[in-house]
Amino acid sequence: MILSLKHDAVADTTKAILEILLRYRRALYPKAQYQYLPQLRQISRLVETGDKIILTLPAFPCKSPNTDKVLGPLPDMAERMSLRFLKQLCDEIEKVYAPGARVLICSDGHVFGDLIGVSDDTINDYTAALIDMIKAEQILCIDIFQLCHVYPDADFEVQREMLVEKWARPIPELREEVISIEHQNKLYCGITRFLVEDVCLSSKSMSKSALQRLSKERALGVMQRSEAWGNLIAQYHPRTVRLSIHPQPPGSAKLGIMLLNAADTWVTPWHSVFVDKGNSKLLMKHREAKEICNLVIENGQPSHYILPNATHC
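Numbering follows the UniProt record's numbering, with no gaps: position 133 of the sequence shown is 133.
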């Protein structure tokens, strides 16, 4: 009887934690039936032992180099509000599970910076500013994990080579999946679209067809390294609940999660600007926001946009 009661308590707590996460889910097929068995297993094994819930989230790589999308290369209100959301998520979990939760941001800028046209120095500046922002916000439940924590003695190029060599699948194998598996094709098309928009900044002399070809090849590289990064994270941090900023298909080991509202489910805080419309707050492309909103400067830096007469966030 005691074992049965304990099992029931674990199941109830596991379900309560999952329900919190599902409030913010990003599903690839919103109308499909999701059973979330991987997430239930990931959560329950932590609840059974009374351990803190660790949420691993590959995210916050760097800002897009495209200023039609973003204000600049450093974190701004889009990141700040995302960090506050993650803290809120941990707070909500602690209300139903006393040991609480932490978020491990697995910052992946150095994983594929060369493929998206962002230098390692720019990525370093972004990450340093992000860490400063976490400290300034006094958020104690968020940690940062990077490739340099695994390969501390190697330069960034060598780190990427070592990641691919040990943890990645061959590009031809991924190319076949993009053709034959629908959710892989959706991810590939989404990444290609972002790259076409961003790579064009440094490839203005390139024809549209050549730009498309380059972006498609780089998209496969981004997918390869992102998957490798996920494999590495799973090995180094096995007892965690795996999250993703990308929409996920049914049965995925990762749960897609939306950090902030946006009209496009593929938009992230580092591909957009934060807009305060008073009764709603969302992410938008910079070129769209500046047409209808006023720019807010904080500490001498562009921060976000606000609609005229809207309450400041």
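Even for Gly, the Cβ is constructed at its ideal location relative to N, Cα and C. All figures in this text were calculated on a predicted structure; none of them were measured in a lab.
Here Trp167 is near Asn231, since their CB atoms are less than 8 Å apart.
In this structure, the CA atom of Arg26 is about 5 Å from the CA atom of Pro247. Here His149 is exposed: its Cβ has fewer than 16 other Cβ atoms, across all protein chains shown, within 10 Å. Gly256 sits in a strand when the DSSP states are folded into three classes. Shown here, Leu130 sits in a helix according to DSSP, grouped into three states. For Pro250, same chain residues with a beta-carbon under 6 Å away, outside a window of 5 residues either side, are Ala32, Tyr34 in chain order. Sequence-distant partners of Ser44 (beyond 5 residues in either direction) whose C-beta falls short of 8 Å from its own C-beta, in its chain, are Val10, Ala11, Thr14.
Shown here, Val267 sits in coil according to DSSP, grouped into three states, outside any helix or strand. About 19 Å separates the CB atoms of Tyr151 and Cys62; that is not less than 8 Å, and the two are not in contact. The beta carbon of Arg175 lies closer than 7 Å to those of Leu220 in the same chain, with the five residues before and after it left out. Its Cα nearest to that of Ser252, the residue Leu37 stands out among Ile17, Ile20, Leu37.
The DSSP-derived three-state label of Phe112 is helix.
For Cys106, the pairing in a beta bridge is given by DSSP as Pro58, Phe145. Distances from the alpha-carbon of Gly300 to those of Val273, Leu74, Ile123 put Leu74 closest. Counting the other CB atoms within 10 Å of its CB gives Asn66 a total of 16 or more, which places it among the buried residues.
Between Phe60 and Ser119, the beta carbon gap of about 17 Å keeps them out of contact (Cβ cut-off 8 Å).
Taking the Cβ atoms as the reference, Val196 lies roughly 12 Å from Tyr188, outside the contact range of under 8 Å. Contact between Cys141 and Val103 holds: CB atoms are separated by about 6 Å, below the 8 Å threshold. In the three-state reduction of the DSSP assignment, Ser209 falls in the helix class, which pools H, G and I.
DSSP places Arg175 in the uninterrupted alpha helix (DSSP H) bounded by 171-180. When the five nearest sequence neighbours on each side are left out, the beta carbons in the same chain lying within less than 6 Å of the beta carbon of Leu163 are those of Ala228, in order along the chain. Per DSSP, the continuous beta strand (DSSP E) segment holding Ser303 begins and ends at 301-306. Secondary structure of Glu298 (DSSP, three-state): strand. Around Leu260, the same chain offers Ala78, Met81, Ser82, Phe85, Pro269, Phe274, Lys281, Leu282, Leu283 as residues with beta carbons nearer than 8 Å, after the five sequence neighbours per side are excluded. Distances from the alpha-carbon of Arg287 to those of Gly72, Val111, Tyr24 put Gly72 closest. Around the beta carbon of Gly109, 16 or more other beta carbons sit within 10 angstroms, so the residue counts as buried. In chain order, Pro75, Glu79, Arg80, Leu83 place their CB closer than 8 Å to the CB of Met133, counting only its own chain and leaving out the 5 sequence neighbours on each side.
In this structure, Ser272 lies near Val70, with their beta-carbon atoms less than 8 Å apart.
Between the C-alpha atoms of Gln39 and Lys208 there is a straight-line separation of about 42 Å.
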